[in-house]
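Quick note on numbering: numbering that gives the first Met the number 0 labels position 183 of the sequence shown as 182, and the sequence is numbered without any gaps.
Don't be surprised by glycine CBs; every beta carbon is placed ideally from N, CA and C.
In this text, all values refer to a predicted model and were calculated from it rather than measured experimentally.
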Amino acid sequence: MASKLLLITVFILDLIAFALAVAAEQRRTTARVATDYDKKYNYCVYDKDIATGLGVGAFFFLMLSQVFVMIASRCFCCGKALSPGGSRAWATILFLLCWVTFFIAEICLLAGSVRNAYHTRYKTIFGDNPPSCQTLRRGVFGAGAAFVFFTGILSEFYYINYAKAKAKSNFQSVTMAPIGTYTSA
Numbered sequence: 000m001a002s003k004l005l006l007i008t009v010f011i012l013d014l015i016a017f018a019l020a021v022a023a024e025q026r027r028t029t030a031r032v033a034t035d036y037d038k039k040y041n042y043c044v045y046d047k048d049i050a051t052g053l054g055v056g057a058f059f060f061l062m063l064s065q066v067f068v069m070i071a072s073r074c075f076c077c078g079k080a081l082s083p084g085g086s087r088a089w090a091t092i093l094f095l096l097c098w099v100t101f102f103i104a105e106i107c108l109l110a111g112s113v114r115n116a117y118h119t120r121y122k123t124i125f126g127d128n129p130p131s132c133q134t135l136r137r138g139v140f141g142a143g144a145a146f147v148f149f150t151g152i153l154s155e156f157y158y159i160n161y162a163k164a165k166a167k168s169n170f171q172s173v174t175m176a177p178i179g180t181y182t183s184a
């Protein structure tokens, strides 16, 4: 049977990662062009950079969640073989999908955090074209949040199916009796 404590812990970690990713999307860095009239040049002014920290936090919470599930399931490849059947087949499919969505979510969160932290540093002479104040495009952290959500669902179902297949294989190994004569003393 699947550990309820692990399922609750993983759910909470995924929920925190999702909330941080959504908050990072809402708090992306914005920029505006400012002019220094004394030195006669234009430059970019960026607001506070809180989205980078939120994105990195979501990155680490999702990673911690994935580590917990993989340790509990022995990363699906270590330990005794699971009993053949539907639970093992679903666990295999969900294991692969879980890792794919995990990597996509981590890439979105990490790339969004790095790109959000980048601030244009150059200046232009007064009268030239204003500088390009580059910021993170809308939706990068949102995509990360969506894949955090998918990873959370898939990892929960993966662990449940893994636990079912493991319980079935443990049950079969316990109930099998040796073949031969039985003598009592």
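Based on the DSSP output, what are the partners of residue i in its beta bridges?
| i | result |
| --- | --- |
| R31 | V44 |
If residue i and residue j are in contact, beta carbons under 8 Å, what's the gap, nearest whole angstrom?
| i | j | result |
| --- | --- | --- |
| R87 | A164 | 4 Å |
| L96 | L12 | About 19 Å separates the two Cβ atoms, so there is no contact after all. |
| V55 | S112 | 5 Å |
| A71 | Y158 | 6 Å |
| A144 | A20 | 4 Å |
Could you give the DSSP three-state label for residue i: helix, strand or coil?
| i | result |
| --- | --- |
| D13 | helix |
| R136 | coil |
| L81 | coil |
| C196 | Residue numbering for the chain in the displayed model covers 0 to 184; residue 196 lies beyond these limits and cannot be assessed. |
| K39 | coil |
| R26 | coil |
| S64 | helix |
| N128 | coil |
| Y117 | coil |
| S112 | helix |
| A145 | helix |
| S2 | coil |
| S172 | Because the pLDDT of S172 is 49, which lies under 50, any placement of that residue in the model is unreliable, and the question is left without a value. |
In terms of alpha-carbon separation, which member of the options lies closest to residue i?
| i | options | result |
| --- | --- | --- |
| T100 | G151, N160 and W89 | G151 |
| T134 | T51, C97, P83 and K3 | T51 |
| F58 | I159, Y117 and A142 | A142 |
| E155 | D37, A16 and A90 | A90 |
| R31 | H118, L93, A162 and G138 | H118 |
| E24 | L4, L61, N115 and C74 | N115 |
| T34 | N128, T8, K3 and F10 | N128 |
| V139 | L4, L53, M69 and I15 | L53 |
| C203 | F10, D46 and K39 | The chain is shown only over 0 to 184; residue 203 falls outside these bounds and no answer can be derived. |
| F17 | N160, A162 and F149 | F149 |
| L22 | I49, F10 and I7 | In the sequence under discussion, the amino acid at residue 22 is Ala, which differs from the Leu named in the question. When only C-alpha atoms are compared, the closest one is I49. |
Using 10 angstroms around the beta-carbon of residue i, count the other beta-carbons present and answer buried if the total reaches 16, otherwise exposed.
| i | result |
| --- | --- |
| V66 | exposed |
| N41 | buried |
| A104 | buried |
| T29 | exposed |
| L81 | buried |
| Y36 | exposed |
| V44 | exposed |
| L108 | buried |
| R26 | buried |
| L4 | exposed |
Closer than 8 Å, CB to CB, is residue i near chain D or not?
| i | result |
| --- | --- |
| N160 | Considering every chain present, this structure includes no chain D. It has just one protein chain. |
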